[in-house]
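S.K.: Once you know that position 69 of the sequence shown is 69 in the numbering used here, the rest is easy, because the numbers rise by one and skip nothing. Backbone N, C-alpha and C fix where the C-beta goes; we use that ideal spot for every residue, glycine too. In this text the structure is predicted, and so the values were computed from the model without any measurement. Supplied in structure tokens, the structure appears directly below.
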Amino acid sequence: MLYDCNEQLQQFRHVKKKPLDCVNFTEQREQLERRRAELDAGDQKIRELVSILDQRKDESIERTFKGVARHFREVFSELVQGGHGHLVMMKKKFLREVLEFQVSFTGQGETQSMKQLSGGQKTVVALTLIFAIQRCDPAPFYLFDEIDAALDTQYRTAVGNMIRRLSDMADTQFIATTFRPEIVKVADKIYGVTYKNRVSYINVVSKEQALDFIGHDQTQNAI
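In structure tokens, the structure reads:
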């Protein structure tokens, strides 16, 4: 039986196999073309999705920027009596956008950039931006480390009053370290930190005790 089958197969030994190979290649090409069409369609959908997400991102950034810029103007005028400030977005070469501050502490003449400001004025601008963002999207708490160290008395008072108002209006805590009396005067709770025998001690103190300590410290530094 097997011998007969082999004999019959031998009759087809001269049949050319190339046409069969062509059929197989044609089927493979059609499969690859269908796969390519699927990939092209997927690529197009991904590009459309990326374009939509980019547009939404740009719209969100622009909306957020407008809100922060508006609050920046308001906060700066509250901290600097008679002054005005603006937050602007500039397009720079090789960069998409760059934020710039244009402020005037006198309300007269041309506005100044950050490079032209003193250390205390830069602190005021930085705090203005923080408070502007806080009004747009409040955080649960803020931790400030001697933010008033470089400020004049009028700005320390304005910052202290700003913190007091924001903590009353929003469900937000402000935690600040300071050696100045202005923030102490508006604080709800005060902790004194002392250092003795290479150990730090933290205790709740009254406002009067804190102000006495600050006054004594300033007197010692003035000597």
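Whose CA, out of T128, R135, G215, V205, lies closest to the CA of I147?
M.R.: T128
S.K.: From G83, C136, Q218, Y155, pick the residue whose C-alpha is nearest to that of T111; which is it?
M.R.: Comparing Cα-Cα distances from T111 to each of G83, C136, Q218, Y155, the minimum goes to G83.
S.K.: Quick check: the Cα distance between T153 and I190, rounded to an integer number of angstroms?
M.R.: 20 Å
S.K.: With a threshold of 6 Å on Cβ separation, who are the neighbours of P138 within its own chain once the five nearest residues in sequence on each side are excluded?
M.R.: Counting only residues of its own chain and dropping the five nearest sequence neighbours on each side, P138 has a CB closer than 6 Å to the CB of A170, T172.
S.K.: Using 8 Å as the threshold, is the region 66 to 82 in touch with the region 115 to 128, meaning 3 or more CB pairs across them?
M.R.: yes
S.K.: Check this for me: beta carbons of V121 and F105, under 8 Å apart or not?
M.R.: Sequence check: residue 121 is Gln here, not Val. Contact: yes.
S.K.: Helix or strand or just coil, what does DSSP make of K91?
M.R.: Assignment of K91 by DSSP, reduced to helix, strand and coil, places it in the coil class.
S.K.: Taking DSSP as the reference, what is the three-state secondary structure of G85?
M.R.: strand
S.K.: With DSSP run on the structure shown, which of helix, strand or coil describes F174?
M.R.: strand
S.K.: Give the secondary structure of T194 by DSSP, where H, G and I count as helix, E and B as strand, and everything else as coil.
M.R.: T194 falls in the strand class under three-state DSSP.
S.K.: Would you call the CB atoms of G160 and V186 closer than 8 Å?
M.R.: yes
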